[in-house]
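Read top to bottom, the protein sequences are chains A and B. Note that our numbering has the first sequence beginning at 1, numbered continuously upward. Note that our numbering has the second sequence beginning at 1001, numbered continuously upward. For glycine and all other residues, C-beta sits at the position ideal for the given N, C-alpha and C. Since the model is a prediction, treat every value here as computed from it, not as a measurement. Before any comments, here is the structure.
Protein chains: 2
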Amino acid sequence: MNEKNYCVIMAGGIGSRFWPFSRNNRPKQFLDFFGIGRSLLQMTVDRFRPIIPIENILIVTNVAYKQMILEQIPDLRPEQVLCEPARRNTAPCIGYAIAHIKGDMRKKAGQNVPLTADGAVDWDNELMNANIVVAPSDHLILQEDKFRAAILKGFEFTKKNDCLMTLGMQPTRPETGYGYIQKDASEVTYNGIYKVKTFTEKPDRELAEVFVKSGEFLWNSGIFLWNLRAIRTAYIQYLPEVVEKLKPGEMLMGTDKEEAFMQENFPLCPNISIDYGVMEKAPNVYVQPASFGWSDLGTWGSLYELSDKDPQGNVTLKSEAMYYDSENNVVTLPAGHLAVLKGLNDYIVAEADGVLLICPKSDEQHIRQMVTDAEVRFKGKFN
Amino acid sequence: MNEKNYCVIMAGGIGSRFWPFSRNNRPKQFLDFFGIGRSLLQMTVDRFRPIIPIENILIVTNVAYKQMILEQIPDLRPEQVLCEPARRNTAPCIGYAIAHIKGDMRKKAGQNVPLTADGAVDWDNELMNANIVVAPSDHLILQEDKFRAAILKGFEFTKKNDCLMTLGMQPTRPETGYGYIQKDASEVTYNGIYKVKTFTEKPDRELAEVFVKSGEFLWNSGIFLWNLRAIRTAYIQYLPEVVEKLKPGEMLMGTDKEEAFMQENFPLCPNISIDYGVMEKAPNVYVQPASFGWSDLGTWGSLYELSDKDPQGNVTLKSEAMYYDSENNVVTLPAGHLAVLKGLNDYIVAEADGVLLICPKSDEQHIRQMVTDAEVRFKGKFN
């Protein structure tokens, strides 16, 4: 295991689309989604353990969730949980992690760091040796061996090239809920890793079908790989307003001044995504096509799609169920509970902590509004 | 309060049509159906308290529920809860209560009992003074003052006449879920109490409409009034096989031999209803039309009908609910829970103790089968 490989897990989201399953005080990534005894975050960390030293796994989150994370991952040191004092999307989130990793390397410097001819630390070389994978905390990956193989293959490339790599999922259906990445098939660079031609937002159905048929488009997984030199260079060029706020803190990372520094400076960062801020602008962006049973678990529909179904197309998670004249539903109640459905088709039936949602799968985009309505009507009791 | 008035409450049923709300170990009559802090049984007892001395209230039930009854009605003495060792329908149930009341009077004899000319207890007269109302434990009555007025008016009649009286509810709709009683309008006997012409089983819709339109038919409430002499005479004539088994026990009632006697003899009684065994055969059967907001709470549909509805026709019991594009549903979750429904019309949504039922109101006759299916599949865990 390479002690200079790092992993950054983004765990600050709320996931209100999975209400009532997800709550303000217990977002999606902290839930045992499948009733298997591990939360999505725990599964994410477990997935990296064989290839990233545990002390190099960083989790960026809201301060409100720090304690829950330390409880869920007890072998994490508190300083590995980076707390965002405000929600500023993925670019500042990753910017904070980059600064922290740079600080971490600085602390280690002088031990095994190569020196330049004049005896100074060879930072330029050293930063290139630090390879980083950035991943969301709330996705599902079924084939973890293939996932790790893709990460390691990516690191083989990033440690030799200053590039920004993303993992592109081979699409299995014309999904309209994902962004797409078009690979540049004219220029195969390394063992099936492609330069990126375009990033595309969520397409409509017709366009999604064209994308899938073309063979050139991949789902944007939100999983990134790069070496520290490449991503710092990209931030300096494309996100100077983030660098300006956070770079002065590199010296303070890992010290008791880190929190106060971030408290003051992080909220001054612009609210911007890494995709829009860097990936769509930089020239050295690559995509590694991969296929390891991935879902962003972004919607009940996606959860339904990837789950085992009974002969009537019903998905039952965590609980028991009996179906009468009922097809293509997704049902999840607290463990040990029983649902009995009659005459219900294509519905979400989800109960958690005293809230029961019954909603057609096709209407799940309304769930956000319901969450807001419940917030107003019940003063947050059910949020 | 007349100390010779008795009340017999029948509380042995299971009420599986209200599953998952009702369970084997917690039938319908023991449930706080409306989230008001009183079970249907407690409400039934409370309803009689102002007109029947508490020590004259008897509850006939299955032995499995005795403890629960004593907990729910703590001012009841254990010997007021009569335990049926087997399920034998209402005729043996009431036969047991009659025997118990006779025994109770025997114990009291010699105190205030009138004597015949030769100094013996004037049983014939005494039995006529004991007036009894028999009522189910799991019905809903909204206008309790009117209910008690009807009972007292009935007693005025039964204490002077050896008759078997039933309360007939003025029908408010062509309900097909109730039995009907036709009054004999040709012969008004006492202040609006009628002789009964016919008893009719649950009619089909068309017939029910004819019944209601005719003005001669009343719903059979299953609430009976009579004096002890009249009902004993009727049993001797129409149910000799019940009398033969139970009458020898009259001497043992209220003693420590009561239970053993019933254990041995009660199961030998035929399985027969009071309606079929007595009311439909005796010539001296009367009906008192009444109207006090009655429902047998026999079905979710009847519960829906009598409950307050929001402008969209939804009924929410015990819990909170938010409705989107949803009309005419009846929703009951555990107290403090929230249901969010979208795109659901005319459904029952009921959750209790880890079982959630979602079923069209029009399909509720299937619930019994679901209960059986759950019994088989989950070995009684949810029954």
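Considering only the beta carbon of each residue, do residue i and residue j sit closer than 7 Å?
i: arginine 26 of chain A; j: asparagine 271 of chain A; result: no
i: glutamine 143 of chain A; j: phenylalanine 292 of chain A; result: yes
i: phenylalanine 1378 of chain B; j: valine 1355 of chain B; result: no
i: tyrosine 1006 of chain B; j: isoleucine 1101 of chain B; result: yes
i: asparagine 1314 of chain B; j: tyrosine 1324 of chain B; result: no
i: glutamine 1067 of chain B; j: serine 1039 of chain B; result: no
i: leucine 41 of chain A; j: valine 8 of chain A; result: no
i: cysteine 163 of chain A; j: alanine 91 of chain A; result: no
i: alanine 1234 of chain B; j: valine 1287 of chain B; result: no
i: lysine 4 of chain A; j: asparagine 129 of chain A; result: yes
i: glycine 1254 of chain B; j: glycine 1103 of chain B; result: yes
i: lysine 245 of chain A; j: asparagine 227 of chain A; result: no
i: glutamine 1029 of chain B; j: serine 1137 of chain B; result: yes
i: serine 1362 of chain B; j: leucine 1344 of chain B; result: no
i: lysine 1309 of chain B; j: cysteine 359 of chain A; result: no
i: glycine 154 of chain A; j: leucine 218 of chain A; result: no
i: isoleucine 181 of chain A; j: asparagine 220 of chain A; result: yes
i: threonine 1158 of chain B; j: asparagine 1125 of chain B; result: no
i: leucine 239 of chain A; j: leucine 140 of chain A; result: no
Considering Cα atoms alone, identify which of the options is closest to residue i.
i: asparagine 329 of chain A; options: A:Ser302, A:Ile51, A:Phe261; result: A:Ser302
i: valine 210 of chain A; options: A:Glu175, A:Cys163, A:Arg229; result: A:Glu175
i: isoleucine 54 of chain A; options: A:Gly313, A:Ser39, A:Ser326, A:Val81; result: A:Val81
i: leucine 173 of chain A; options: A:Asp310, A:Tyr96, A:Glu305; result: The sequence as given places arginine at residue 173 of chain A; leucine does not occur at that position. When only C-alpha atoms are compared, the closest one is A:Glu305.
i: asparagine 191 of chain A; options: A:Val212, A:Ala150, A:Ile231; result: A:Ala150
i: leucine 1357 of chain B; options: A:Gln312, A:Ala339, A:Gln72; result: A:Ala339
i: isoleucine 1367 of chain B; options: B:Ala1011, B:Ile1009, B:Phe1021; result: B:Phe1021
i: aspartate 1204 of chain B; options: B:Thr1198, B:Pro1074, B:Gly1179; result: B:Gly1179
i: proline 267 of chain A; options: A:Pro85, A:Ala350, A:Ile101, A:Ile141; result: A:Pro85
i: valine 196 of chain A; options: A:Lys202, A:Ala185, A:Phe261; result: A:Ala185
i: lysine 1318 of chain B; options: B:Gly1037, B:Val1008, B:Arg1023, B:Ile1009; result: B:Gly1037
i: aspartate 1346 of chain B; options: B:Met1370, B:Glu1375, B:Trp1300, B:Asn1383; result: B:Trp1300
i: valine 1045 of chain B; options: B:Leu1070, B:Gly1035, B:Arg1023, B:Asn1024; result: B:Leu1070
i: valine 1370 of chain B; options: B:Ser1016, B:Gly1012, B:Asn1005, B:Met1001; result: Note on identity: in this sequence residue 1370 of chain B is methionine, with valine being the wrong assignment. Answer by Cα proximity: B:Ser1016.
i: leucine 333 of chain A; options: A:Lys342, A:Tyr324, A:Glu320; result: A:Glu320
i: phenylalanine 1147 of chain B; options: B:Glu1216, B:Arg1049, B:Tyr1238, B:Phe1034; result: B:Arg1049
i: serine 295 of chain A; options: A:Ser214, A:Leu167, A:Glu216; result: A:Leu167
i: phenylalanine 199 of chain A; options: A:Lys183, A:Ile141, A:Lys213, A:Gln72; result: A:Lys183
i: methionine 1251 of chain B; options: B:Gln1365, B:Pro1074, B:Asn1056, B:Met1105; result: B:Met1105
i: valine 1133 of chain B; options: B:Ala1335, B:Met1010, B:Leu1207, B:Tyr1194; result: B:Met1010
i: alanine 99 of chain A; options: A:Pro248, A:Ala352, A:Glu241; result: A:Pro248
i: threonine 1372 of chain B; options: B:Leu1207, B:Arg1023, B:Leu1140; result: B:Arg1023
i: lysine 281 of chain A; options: A:Leu76, A:Ile141, A:Gln237; result: A:Gln237
i: glutamine 263 of chain A; options: A:Phe18, A:Glu201, A:Cys83; result: A:Cys83
i: alanine 387 of chain A; options: A:Asp32, A:Val63, A:Ile52; result: Look at the range of chain A in this structure, 1 to 383, and you will see that residue 387 of chain A is not part of it.
DSSP beta-bridge partners for residue i?
i: glutamate 1320 of chain B; result: B:Leu1338
i: tyrosine 347 of chain A; result: A:Pro360
i: cysteine 1163 of chain B; result: DSSP, once it has assigned bridges, lists no residue as partnering cysteine 1163 of chain B.
i: lysine 1195 of chain B; result: B:Asp1184, B:Tyr1286
i: serine 1295 of chain B; result: B:Leu1140
i: tyrosine 1006 of chain B; result: B:Ile1132
i: phenylalanine 1217 of chain B; result: B:Gln1182
i: tyrosine 190 of chain A; result: A:Ile193
i: alanine 1099 of chain B; result: None; alanine 1099 of chain B has no bridge partner.
i: glycine 1249 of chain B; result: Glycine 1249 of chain B pairs with nothing; no bridge assigned.
i: valine 1210 of chain B; result: For valine 1210 of chain B, which the question treats as bridged, DSSP gives no partner whatsoever.
i: methionine 1169 of chain B; result: B:Trp1219, B:Ala1290
i: leucine 1225 of chain B; result: B:Val1133, B:Met1165
i: threonine 200 of chain A; result: A:Tyr180
i: threonine 1332 of chain B; result: B:Leu1317, B:Ala1350
i: glutamate 280 of chain A; result: Its beta-bridge partners do not exist; DSSP assigns none.
Between residue i and the ligand PLP, is there a pair consisting of the residue's CB and a ligand heavy atom that are separated by less than 6 Å?
i: glycine 215 of chain A; result: As far as ligands go, the structure on display features none, and thus does not contain the ligand PLP.
Of the residues that make up the region 1329-1360 of chain B, which ones have a beta carbon closer than 7 Å to any beta carbon in chain A?
Leu1333, Gly1336, His1337, Leu1338, Ala1339, Val1340, Leu1341, Lys1342, Gly1343, Leu1344, Val1349, Glu1351, Gly1354, Val1355, Leu1356, Leu1357, Ile1358, Cys1359, Pro1360
As an exercise, report each continuous beta strand (DSSP E) stretch of at least 3 residues that is fully enclosed by the region 23-95 of chain A, in chain order.
Taking only runs of at least 3 residues, the beta strand (DSSP E) segments lying wholly in the region 23-95 of chain A are 57-62, 81-84.
Residues within the region 10-28 of chain A neighbouring chain B, beta-carbon criterion of under 8 Å
Pro20
Where the region 1306-1330 of chain B meets chain A: residues whose CB sits under 8 Å from a CB there:
Under the 8 Å Cβ criterion, the region 1306-1330 of chain B contributes Glu1320, Met1322, Tyr1324.
Closer than 9 Å, Cβ to any Cβ of chain B: which residues of the region 187-219 of chain A, in chain order?
Among the residues of the region 187-219 of chain A, none has a Cβ less than 9 Å away from any Cβ of chain B.
Under 9 Å (Cβ pairs) to chain B, residues found in the region 92-108 of chain A:
none
Which residues, in order along the region 1359-1373 of chain B, keep a beta-carbon less than 7 Å from a beta-carbon of chain A?
Cys1359, Pro1360, Asp1363, His1366, Met1370, Asp1373
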